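Chemist:
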Amino acid sequence: MKITTKVPLLALAIILAFFFALSSMQYKVMRDALYSTWLNNATETSKGVAKYAAEWLDEKLVIIDMMAHAISGNYSSEQVQRVMDTPLLRDQFVLIFGALEQDGKPLSNTPSWDPGADWDGRKRAWYSQARAADRAVFTPPYNDSATGRLLISAVAKIEDHDTFKGAFGGDIELQTIADIINEVDFNLKGYAFLLDRNGTIISHPDTRLNGKMIDTFFAINTPETSDGFIKTTAEGKEILLKFTPLELKNRETSLIIGVALAPRKIMAETEAFKIIALVLALAGTLITSLVLYFALNQLLLKPLVALTKSADNISLGELDIKIDGVERTDEIGLMAKAIERMRVSITFAIDKLKKG
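Residue numbers (this note's numbering): 18 to 373.
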(Lines of atoms letter the chains of each structure in order from A; the text may use other names.)
(Lines give C-alpha, C1' and ligand atoms only; values in the text may rest on other atoms or scores of the structure.)
Protein backbone atom coordinates (compact mmCIF):
# COMPACT_ATOMS: atom_id res chain seq x y z
CA MET A 18 0.00 0.00 0.00
CA LYS A 19 1.40 3.39 -0.99
CA ILE A 20 2.17 5.99 1.63
CA THR A 21 -0.23 8.32 -0.17
CA THR A 22 -2.95 5.83 0.78
CA LYS A 23 -1.67 4.87 4.22
CA VAL A 24 -1.46 8.42 5.55
CA PRO A 25 -5.07 9.42 4.71
CA LEU A 26 -6.40 6.10 6.01
CA LEU A 27 -4.47 6.48 9.27
CA ALA A 28 -5.69 10.05 9.63
CA LEU A 29 -9.24 8.92 8.90
CA ALA A 30 -9.06 6.22 11.57
CA ILE A 31 -7.71 8.66 14.17
CA ILE A 32 -10.34 11.29 13.35
CA LEU A 33 -13.12 8.71 13.37
CA ALA A 34 -12.02 7.38 16.77
CA PHE A 35 -11.76 10.92 18.14
CA PHE A 36 -15.23 11.99 16.99
CA PHE A 37 -16.89 8.80 18.18
CA ALA A 38 -15.19 9.07 21.58
CA LEU A 39 -16.26 12.71 21.84
CA SER A 40 -19.82 11.92 20.75
CA SER A 41 -20.03 9.02 23.20
CA MET A 42 -18.96 11.23 26.09
CA GLN A 43 -21.41 13.96 25.07
CA TYR A 44 -24.21 11.42 24.75
CA LYS A 45 -23.46 9.95 28.19
CA VAL A 46 -23.40 13.40 29.80
CA MET A 47 -26.65 14.35 28.06
CA ARG A 48 -28.30 11.02 28.94
CA ASP A 49 -27.34 11.31 32.61
CA ALA A 50 -28.50 14.94 32.72
CA LEU A 51 -31.84 14.04 31.15
CA TYR A 52 -32.30 11.11 33.54
CA SER A 53 -31.46 13.28 36.55
CA THR A 54 -33.79 16.03 35.34
CA TRP A 55 -36.69 13.60 35.04
CA LEU A 56 -36.15 12.28 38.55
CA ASN A 57 -35.87 15.79 39.98
CA ASN A 58 -39.01 16.92 38.17
CA ALA A 59 -40.92 13.87 39.41
CA THR A 60 -39.73 14.55 42.96
CA GLU A 61 -40.82 18.19 42.84
CA THR A 62 -44.16 17.24 41.30
CA SER A 63 -44.88 14.68 44.01
CA LYS A 64 -43.94 17.22 46.69
CA GLY A 65 -46.23 19.80 45.11
CA VAL A 66 -49.17 17.42 44.91
CA ALA A 67 -48.54 16.22 48.48
CA LYS A 68 -48.45 19.81 49.73
CA TYR A 69 -51.69 20.67 47.94
CA ALA A 70 -53.43 17.56 49.29
CA ALA A 71 -52.16 18.22 52.83
CA GLU A 72 -53.37 21.82 52.78
CA TRP A 73 -56.75 20.74 51.42
CA LEU A 74 -57.15 18.16 54.17
CA ASP A 75 -55.86 20.55 56.83
CA GLU A 76 -58.71 22.93 55.99
CA LYS A 77 -61.23 20.20 56.75
CA LEU A 78 -59.66 19.48 60.13
CA VAL A 79 -59.70 23.17 61.03
CA ILE A 80 -63.42 23.36 60.24
CA ILE A 81 -64.19 20.31 62.41
CA ASP A 82 -62.11 21.81 65.23
CA MET A 83 -64.06 25.07 64.95
CA MET A 84 -67.33 23.14 65.11
CA ALA A 85 -66.17 21.27 68.22
CA HIS A 86 -65.18 24.56 69.85
CA ALA A 87 -68.53 26.17 69.01
CA ILE A 88 -70.40 23.21 70.53
CA SER A 89 -68.24 22.99 73.65
CA GLY A 90 -68.62 26.68 74.47
CA ASN A 91 -72.41 26.46 74.67
CA TYR A 92 -73.26 22.77 74.79
CA SER A 93 -76.76 21.43 74.28
CA SER A 94 -78.27 18.92 71.89
CA GLU A 95 -79.91 21.83 70.10
CA GLN A 96 -76.55 23.62 69.79
CA VAL A 97 -75.05 20.47 68.30
CA GLN A 98 -77.73 20.38 65.62
CA ARG A 99 -77.46 24.13 64.94
CA VAL A 100 -73.74 23.86 64.37
CA MET A 101 -74.22 20.83 62.12
CA ASP A 102 -76.79 22.73 60.05
CA THR A 103 -74.38 25.57 59.24
CA PRO A 104 -74.84 26.16 55.45
CA LEU A 105 -71.09 26.45 54.81
CA LEU A 106 -70.58 22.84 55.82
CA ARG A 107 -72.61 21.52 52.88
CA ASP A 108 -69.96 22.87 50.52
CA GLN A 109 -67.09 21.38 52.51
CA PHE A 110 -68.38 17.93 53.42
CA VAL A 111 -70.46 15.24 51.79
CA LEU A 112 -72.22 14.62 55.11
CA ILE A 113 -71.98 15.88 58.68
CA PHE A 114 -72.81 13.08 61.10
CA GLY A 115 -72.52 12.29 64.79
CA ALA A 116 -73.96 10.64 67.89
CA LEU A 117 -74.29 11.52 71.57
CA GLU A 118 -73.06 9.38 74.41
CA GLN A 119 -76.50 9.27 76.03
CA ASP A 120 -78.24 7.24 73.30
CA GLY A 121 -75.94 6.78 70.28
CA LYS A 122 -78.69 7.82 67.86
CA PRO A 123 -77.69 9.36 64.53
CA LEU A 124 -77.27 13.11 64.10
CA SER A 125 -76.64 14.78 60.76
CA ASN A 126 -77.18 17.85 58.61
CA THR A 127 -79.05 15.77 56.03
CA PRO A 128 -82.59 14.73 57.06
CA SER A 129 -82.67 12.04 54.40
CA TRP A 130 -79.67 10.23 55.88
CA ASP A 131 -80.96 7.06 57.52
CA PRO A 132 -78.30 4.57 58.67
CA GLY A 133 -80.95 2.18 60.00
CA ALA A 134 -82.86 1.58 63.22
CA ASP A 135 -80.09 -0.56 64.72
CA TRP A 136 -77.38 2.02 64.09
CA ASP A 137 -75.52 3.03 67.25
CA GLY A 138 -72.79 5.62 66.77
CA ARG A 139 -71.08 4.62 70.00
CA LYS A 140 -70.18 1.26 68.48
CA ARG A 141 -68.50 2.77 65.44
CA ALA A 142 -64.73 2.87 65.07
CA TRP A 143 -64.76 6.56 64.21
CA TYR A 144 -66.56 7.31 67.51
CA SER A 145 -63.83 5.66 69.56
CA GLN A 146 -61.15 7.32 67.45
CA ALA A 147 -62.68 10.77 68.01
CA ARG A 148 -63.06 10.16 71.74
CA ALA A 149 -59.40 9.25 72.13
CA ALA A 150 -58.09 12.28 70.22
CA ASP A 151 -57.55 15.77 71.61
CA ARG A 152 -58.35 17.39 68.27
CA ALA A 153 -59.94 16.47 64.98
CA VAL A 154 -58.38 13.45 63.27
CA PHE A 155 -58.90 11.50 60.08
CA THR A 156 -60.33 8.03 59.84
CA PRO A 157 -58.79 5.55 57.41
CA PRO A 158 -60.06 6.02 53.83
CA TYR A 159 -63.03 3.90 52.77
CA ASN A 160 -65.41 3.47 49.86
CA ASP A 161 -68.97 4.67 50.35
CA SER A 162 -71.32 1.70 50.31
CA ALA A 163 -73.97 3.61 48.37
CA THR A 164 -71.92 5.47 45.74
CA GLY A 165 -68.63 3.58 45.73
CA ARG A 166 -66.78 6.90 45.92
CA LEU A 167 -63.59 7.15 47.95
CA LEU A 168 -64.23 8.94 51.26
CA ILE A 169 -62.36 9.87 54.41
CA SER A 170 -63.89 11.31 57.57
CA ALA A 171 -62.60 14.06 59.83
CA VAL A 172 -63.94 13.35 63.33
CA ALA A 173 -63.79 15.05 66.74
CA LYS A 174 -65.34 14.64 70.15
CA ILE A 175 -68.26 16.64 71.50
CA GLU A 176 -67.63 18.10 74.95
CA ASP A 177 -69.45 20.22 77.47
CA HIS A 178 -66.35 22.11 78.48
CA ASP A 179 -64.22 19.11 79.59
CA THR A 180 -67.00 16.51 79.84
CA PHE A 181 -67.29 14.03 76.96
CA LYS A 182 -70.77 14.11 75.41
CA GLY A 183 -70.38 12.36 72.07
CA ALA A 184 -68.58 12.51 68.74
CA PHE A 185 -69.19 13.85 65.26
CA GLY A 186 -67.46 14.18 61.94
CA GLY A 187 -67.67 15.10 58.31
CA ASP A 188 -67.33 12.88 55.27
CA ILE A 189 -64.81 14.21 52.77
CA GLU A 190 -64.71 13.04 49.19
CA LEU A 191 -61.10 11.93 49.00
CA GLN A 192 -61.78 11.01 45.39
CA THR A 193 -61.19 14.70 44.57
CA ILE A 194 -57.58 14.42 45.69
CA ALA A 195 -57.21 10.90 44.29
CA ASP A 196 -58.32 12.09 40.84
CA ILE A 197 -55.76 14.90 40.89
CA ILE A 198 -53.03 12.47 41.89
CA ASN A 199 -54.00 9.86 39.30
CA GLU A 200 -54.03 12.46 36.52
CA VAL A 201 -50.29 13.03 36.97
CA ASP A 202 -48.66 10.96 34.21
CA PHE A 203 -45.22 12.62 33.89
CA ASN A 204 -45.67 12.99 30.14
CA LEU A 205 -46.56 9.30 29.83
CA LYS A 206 -43.33 8.28 31.58
CA GLY A 207 -45.07 7.15 34.78
CA TYR A 208 -47.92 7.87 37.15
CA ALA A 209 -48.81 8.79 40.74
CA PHE A 210 -51.05 6.90 43.13
CA LEU A 211 -52.39 7.15 46.68
CA LEU A 212 -51.70 4.61 49.41
CA ASP A 213 -51.29 4.37 53.17
CA ARG A 214 -48.31 3.54 55.37
CA ASN A 215 -49.33 -0.10 55.60
CA GLY A 216 -48.98 -0.42 51.84
CA THR A 217 -52.68 -0.55 50.97
CA ILE A 218 -53.27 1.05 47.58
CA ILE A 219 -56.14 3.52 47.97
CA SER A 220 -56.33 4.99 44.48
CA HIS A 221 -54.36 3.82 41.46
CA PRO A 222 -54.78 4.66 37.74
CA ASP A 223 -55.39 0.95 37.29
CA THR A 224 -58.52 0.67 39.43
CA ARG A 225 -58.08 -3.10 39.69
CA LEU A 226 -55.30 -2.44 42.21
CA ASN A 227 -57.42 -0.28 44.52
CA GLY A 228 -57.68 -1.89 47.94
CA LYS A 229 -54.81 -4.30 47.30
CA MET A 230 -51.46 -4.41 49.08
CA ILE A 231 -48.52 -2.84 47.32
CA ASP A 232 -46.60 -6.13 47.17
CA THR A 233 -49.25 -7.62 44.89
CA PHE A 234 -48.01 -5.39 42.06
CA PHE A 235 -44.58 -4.04 43.01
CA ALA A 236 -41.67 -6.14 44.24
CA ILE A 237 -41.56 -4.39 47.64
CA ASN A 238 -43.30 -5.14 50.92
CA THR A 239 -43.97 -1.68 52.36
CA PRO A 240 -43.62 1.90 51.12
CA GLU A 241 -40.40 3.45 52.38
CA THR A 242 -40.14 7.24 52.31
CA SER A 243 -36.67 8.46 51.33
CA ASP A 244 -34.97 11.21 49.35
CA GLY A 245 -34.14 8.95 46.44
CA PHE A 246 -36.00 6.54 44.20
CA ILE A 247 -36.32 2.84 44.91
CA LYS A 248 -35.36 0.49 42.08
CA THR A 249 -37.76 -2.42 41.83
CA THR A 250 -39.97 -4.22 39.32
CA ALA A 251 -43.63 -4.34 38.41
CA GLU A 252 -44.94 -7.18 36.27
CA GLY A 253 -41.36 -8.10 35.40
CA LYS A 254 -40.44 -4.61 34.19
CA GLU A 255 -37.97 -2.27 35.86
CA ILE A 256 -39.64 0.56 37.74
CA LEU A 257 -38.54 3.46 39.94
CA LEU A 258 -40.65 4.24 43.01
CA LYS A 259 -40.71 7.23 45.32
CA PHE A 260 -43.03 7.79 48.27
CA THR A 261 -43.91 11.20 49.67
CA PRO A 262 -45.96 11.37 52.89
CA LEU A 263 -48.71 13.93 53.35
CA GLU A 264 -47.52 16.24 56.12
CA LEU A 265 -50.37 17.93 57.97
CA LYS A 266 -49.92 20.78 60.43
CA ASN A 267 -49.32 19.18 63.83
CA ARG A 268 -51.47 16.19 62.84
CA GLU A 269 -50.74 12.70 61.65
CA THR A 270 -52.05 10.94 58.61
CA SER A 271 -51.22 7.60 57.08
CA LEU A 272 -51.68 8.86 53.53
CA ILE A 273 -48.74 8.68 51.13
CA ILE A 274 -48.34 9.69 47.50
CA GLY A 275 -46.45 7.16 45.42
CA VAL A 276 -44.69 7.93 42.15
CA ALA A 277 -43.80 5.22 39.64
CA LEU A 278 -41.50 5.95 36.70
CA ALA A 279 -40.50 3.66 33.85
CA PRO A 280 -36.74 4.11 33.18
CA ARG A 281 -37.05 2.58 29.71
CA LYS A 282 -39.55 5.28 28.72
CA ILE A 283 -37.35 8.02 30.11
CA MET A 284 -34.29 6.70 28.28
CA ALA A 285 -36.28 6.32 25.06
CA GLU A 286 -35.98 10.09 24.65
CA THR A 287 -32.20 9.74 24.48
CA GLU A 288 -32.41 7.46 21.42
CA ALA A 289 -33.03 10.49 19.21
CA PHE A 290 -29.97 12.18 20.73
CA LYS A 291 -27.95 9.01 20.13
CA ILE A 292 -28.83 9.06 16.42
CA ILE A 293 -28.05 12.78 16.22
CA ALA A 294 -24.70 12.21 17.93
CA LEU A 295 -23.89 9.39 15.49
CA VAL A 296 -24.80 11.50 12.46
CA LEU A 297 -22.76 14.45 13.76
CA ALA A 298 -19.80 12.16 14.42
CA LEU A 299 -19.93 10.79 10.87
CA ALA A 300 -20.41 14.25 9.37
CA GLY A 301 -17.59 15.67 11.48
CA THR A 302 -15.32 12.80 10.48
CA LEU A 303 -16.13 13.22 6.78
CA ILE A 304 -15.65 16.99 6.74
CA THR A 305 -12.48 16.91 8.82
CA SER A 306 -11.06 14.05 6.76
CA LEU A 307 -11.72 15.88 3.50
CA VAL A 308 -10.12 19.08 4.80
CA LEU A 309 -7.15 17.13 6.16
CA TYR A 310 -6.82 15.12 2.95
CA PHE A 311 -6.70 18.20 0.74
CA ALA A 312 -4.27 19.87 3.15
CA LEU A 313 -2.02 16.80 3.23
CA ASN A 314 -2.30 16.40 -0.52
CA GLN A 315 -1.23 19.97 -1.20
CA LEU A 316 1.42 20.27 1.49
CA LEU A 317 2.89 16.76 1.65
CA LEU A 318 1.61 14.03 -0.62
CA LYS A 319 1.60 15.90 -3.95
CA PRO A 320 5.11 17.37 -3.45
CA LEU A 321 6.34 13.97 -2.26
CA VAL A 322 5.00 12.28 -5.40
CA ALA A 323 6.58 14.99 -7.56
CA LEU A 324 9.97 14.59 -5.87
CA THR A 325 9.75 10.81 -6.23
CA LYS A 326 9.07 11.22 -9.95
CA SER A 327 11.94 13.71 -10.29
CA ALA A 328 14.34 11.31 -8.58
CA ASP A 329 13.15 8.51 -10.85
CA ASN A 330 13.66 10.67 -13.96
CA ILE A 331 17.17 11.58 -12.82
CA SER A 332 17.94 7.88 -12.42
CA LEU A 333 16.87 7.42 -16.04
CA GLY A 334 19.26 10.13 -17.22
CA GLU A 335 16.91 13.11 -17.49
CA LEU A 336 19.14 15.73 -15.90
CA ASP A 337 17.62 18.87 -17.40
CA ILE A 338 14.43 18.72 -15.33
CA LYS A 339 13.35 21.33 -12.79
CA ILE A 340 13.10 20.23 -9.17
CA ASP A 341 10.03 21.74 -7.52
CA GLY A 342 10.03 22.67 -3.83
CA VAL A 343 13.61 23.86 -3.38
CA GLU A 344 12.25 27.20 -2.23
CA ARG A 345 10.50 25.59 0.74
CA THR A 346 12.07 25.62 4.21
CA ASP A 347 10.41 22.48 5.62
CA GLU A 348 11.36 18.83 5.25
CA ILE A 349 9.97 18.73 1.70
CA GLY A 350 12.26 21.65 0.88
CA LEU A 351 15.24 19.82 2.35
CA MET A 352 14.44 16.73 0.27
CA ALA A 353 14.02 18.86 -2.87
CA LYS A 354 17.40 20.54 -2.27
CA ALA A 355 19.01 17.14 -1.75
CA ILE A 356 17.61 15.85 -5.06
CA GLU A 357 18.68 19.08 -6.77
CA ARG A 358 22.22 18.65 -5.44
CA MET A 359 22.16 15.06 -6.66
CA ARG A 360 21.07 16.22 -10.13
CA VAL A 361 23.79 18.88 -10.26
CA SER A 362 26.42 16.43 -9.04
CA ILE A 363 25.47 13.82 -11.65
CA THR A 364 25.42 16.48 -14.39
CA PHE A 365 28.86 17.73 -13.34
CA ALA A 366 30.26 14.22 -13.23
CA ILE A 367 28.93 13.40 -16.70
CA ASP A 368 30.33 16.65 -18.16
CA LYS A 369 33.70 15.89 -16.59
CA LEU A 370 33.74 12.42 -18.09
CA LYS A 371 32.91 13.79 -21.53
CA LYS A 372 35.78 16.28 -21.34
CA GLY A 373 38.20 13.73 -19.98
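For each residue, glycine too, the CB sits at the ideal point set by N, CA and C.
Keep in mind the model is a prediction, meaning the values are calculated, not measured.
(1) If you scan the segment 91-161 from start to end, which runs of the beta strand (DSSP E) of 3 or more residues do you find wholly inside it?
(2) Can you check whether the CB of residue 154 is closer than 8 Å to the CB of residue 48?
(3) Are the beta-carbon atoms of residue 276 and residue 59 separated by less than 8 Å?
(4) Among the residues of its own chain, which have a CB less than 7 Å from the CB of residue 202, if the five just before and after it don't count?
(5) Leaving out five residues before and five after residue 299 in sequence, what residues of the same chain have Cβ atoms less than 7 Å from its Cβ?
(6) Measuring alpha carbon to alpha carbon, tell me which of 141, 83 and 289 ends up nearest residue 106.
(7) Taking Cβ to Cβ, would you say residue 246 is nearer than 8 Å to residue 263?
(8) Using 8 Å as the cut-off, can you tell me whether the segment 326-338 makes contact with the segment 356-370, which would need three or more C-beta pairs spanning the two stretches below that distance?
(9) If you run the structure through DSSP and keep just helix, strand and coil, what is residue 46?
(10) Just verifying my parser: in three-state terms, what is the DSSP assignment at residue 288?
(11) I need the straight-line Cα distance from residue 248 to residue 272, nearest angstrom please.
(12) Taking residue 170 as the reference, which of 162, 158 and 180 has the closest Cα?
(13) Can you tell me which of 71, 212 and 163 puts its alpha carbon nearest to the alpha carbon of residue 111?
(14) Would you call the segment 80-100 in contact with the segment 284-303, where contact means no fewer than 3 C-beta pairs closer than 8 Å?
(15) Report buried or exposed for residue 366, applying the criterion of at least 16 other Cβ atoms within 10 angstroms of its Cβ.
(16) What separation, rounded to the nearest whole angstrom, lies between the Cα atoms of residue 39 and residue 50?
(17) I'd like the list of long-range same chain contacts for residue 71, defined as Cβ closer than 7 Å, with 5 residues on each side in sequence excluded.
(18) Go ahead and pull the three-state DSSP assignment for residue 327.
(19) Closest by CA to residue 243, which one among 250, 261 and 118?
(20) Classify residue 68 as helix, strand or coil using the three-state DSSP reduction.
(21) Count the other CB atoms, across all protein chains shown, that sit within 10 Å of the CB of residue 364; report buried if there are 16 or more and exposed otherwise.
(22) Could you check the C-alpha separation between residue 175 and residue 89 for me, to the nearest Å?
(23) Using 8 Å for Cβ pairs, my map puts residue 185 next to residue 113. What's the rounded Cβ distance?
(24) Assuming residue 342 contacts residue 349 under a Cβ cut-off of 8 Å, what Cβ separation, rounded to an integer in Å, is found between them?
(25) Report the residue from 321, 79 and 372 whose alpha carbon sits nearest the alpha carbon of residue 354.
(26) Residue 124 and residue 134: beta carbons closer than 8 Å?
(27) Please classify residue 143 as buried or exposed, where buried requires at least 16 neighbouring CB atoms within 10 angstroms.
(28) Can you tell which of 216, 223, 345 and 270 has its C-alpha closest to the C-alpha of residue 198?
(29) Leaving aside the five residues before and after residue 190 along the sequence, list all residues of the same chain whose C-beta is less than 8 Å from its C-beta, in chain order.
(30) Select from 76, 218 and 279 the residue whose C-alpha is nearest the C-alpha of residue 206.
(31) If you drop the 5 nearest sequence neighbours on each side, which residues of the same chain put their C-beta closer than 6 Å to that of residue 85?
(32) Which two residues bound the contiguous alpha helix (DSSP H) that contains residue 371?
(33) What is the DSSP secondary structure of residue 228, reduced to helix, strand or coil?
Modeler: Walking through what the data contain:
(1) 112-117 and 123-125
(2) What you label residue 48 is simply residue 31 of the sequence shown in a count that begins at 1. What you label residue 154 is simply residue 137 of the sequence shown in a count that begins at 1. It is not a contact, given that the beta carbons lie outside the stated cut-off.
(3) As a first step, residue 276 is located in the sequence shown; it is residue number 259 there, counting from the start. As a first step, residue 59 is located in the sequence shown; it is residue number 42 there, counting from the start. Yes; because the gap between Cβ atoms is below 8 Å, this pair is in contact.
(4) Position 185 of the sequence shown, counting from 1, holds the residue named residue 202. So the qualifying residues of the chain are 208.
(5) As a first step, residue 299 is located in the sequence shown; it is residue number 282 there, counting from the start. Within the same chain, residue 299 has no close Cβ partners at all.
(6) Position 89 of the sequence shown, counted from the start, is the residue given in the question as residue 106. Comparing Cα positions, the closest option is 83.
(7) One-based indexing of the sequence shown puts residue 246 at position 229. One-based indexing of the sequence shown puts residue 263 at position 246. It is not a contact, given that the beta carbons lie outside the stated cut-off.
(8) The segment 326-338, when compared against the segment 356-370, does touch it at the 8 Å Cβ threshold.
(9) As a first step, residue 46 must be located in the sequence shown, where it is residue number 29. In the structure shown, residue 46 sits in a helix (DSSP, three-state: H, G or I).
(10) Residue numbering aside, residue 288 sits at position 271 when the sequence shown is read from its first letter. Shown here, residue 288 sits in a helix according to DSSP, grouped into three states.
(11) For the purposes of this step, residue 248 is taken as residue 231 along the sequence shown, with counting starting at 1. For the purposes of this step, residue 272 is taken as residue 255 along the sequence shown, with counting starting at 1. C-alpha separation (whole angstroms): 22 Å.
(12) Here residue 170 corresponds to residue number 153 of the sequence shown, with the count starting at 1. Considering only alpha carbons, the answer is 158.
(13) For the purposes of this step, residue 111 is taken as residue 94 along the sequence shown, with counting starting at 1. Cα-wise, what sits closest to residue 111 is 163.
(14) Remark: fewer than three beta-carbon pairs, one from each stretch, lie closer than 8 Å, so the segment 80-100 and the segment 284-303 are not flagged as touching.
(15) Translated into the one-based positions of the sequence shown, residue 366 becomes position 349. The residue is exposed, with fewer than 16 neighbouring Cβ atoms inside 10 Å.
(16) In the sequence shown, counting from the first residue as 1, residue 39 sits at position 22. In the sequence shown, counting from the first residue as 1, residue 50 sits at position 33. If you take the alpha carbons of residue 39 and residue 50, they lie about 17 Å apart.
(17) Counting from 1 along the sequence shown, the entry for residue 71 is found at position 54. Same-chain partners within the cutoff: 263, 264 and 265.
(18) The count along the sequence shown starts at 1 and reaches residue 327 at position 310. Of the three classes helix, strand and coil, the one that applies to residue 327 here is helix, per DSSP.
(19) Numbered from 1 along the sequence shown, position 226 holds the residue referred to as residue 243. When only C-alpha atoms are compared, the closest one is 261.
(20) Taking the first residue of the sequence shown as position 1, residue 68 is located at position 51. Helix, per DSSP.
(21) If you number the sequence shown from 1, residue 364 lands on position 347. That one is exposed.
(22) Here residue 175 refers to the residue found at position 158 when the sequence shown is read from its first residue. Here residue 89 refers to the residue found at position 72 when the sequence shown is read from its first residue. Rounded to whole angstroms, residue 175 to residue 89 spans 7 Å at the Cα level.
(23) Taking the first residue of the sequence shown as position 1, residue 185 is located at position 168. Taking the first residue of the sequence shown as position 1, residue 113 is located at position 96. With a Cβ gap of about 7 Å, residue 185 and residue 113 count as contacting.
(24) Working through the sequence shown from its first residue, we reach residue 342 at position 325. Working through the sequence shown from its first residue, we reach residue 349 at position 332. Their Cβ separation, rounded to whole angstroms, is 5 Å, which keeps residue 342 and residue 349 in contact under 8 Å.
(25) Residue numbering aside, residue 354 sits at position 337 when the sequence shown is read from its first letter. The shortest C-alpha to C-alpha distance from residue 354 to any of 321, 79 and 372 is the one to 321.
(26) To locate residue 124, count along the sequence shown from 1; it is residue 107. To locate residue 134, count along the sequence shown from 1; it is residue 117. Going by C-beta atoms, residue 124 is not nearer than 8 Å to residue 134.
(27) Looking up residue 143 in the sequence shown gives position 126. Buried: at least 16 other Cβ atoms inside 10 Å.
(28) Taking the sequence shown and counting its residues from 1, one reaches residue 198 at position 181. The candidate whose alpha carbon is nearest that of residue 198 is 223.
(29) Taking the first residue of the sequence shown as 1, we reach residue 190 at position 173. Cβ neighbours of residue 190 beyond the five flanking positions: 111, 166, 167 and 168.
(30) Looking up residue 206 in the sequence shown gives position 189. Among 76, 218 and 279, the Cα nearest to that of residue 206 belongs to 279.
(31) Here the question's residue 85 lines up with position 68 in the sequence shown. These residues qualify, in order along the chain: 173.
(32) Here residue 371 refers to the residue found at position 354 when the sequence shown is read from its first residue. DSSP places residue 371 in the uninterrupted alpha helix (DSSP H) bounded by 348-372.
(33) In the sequence shown, the residue the question calls residue 228 occupies position 211. DSSP places residue 228 in coil when its eight states are reduced to three.
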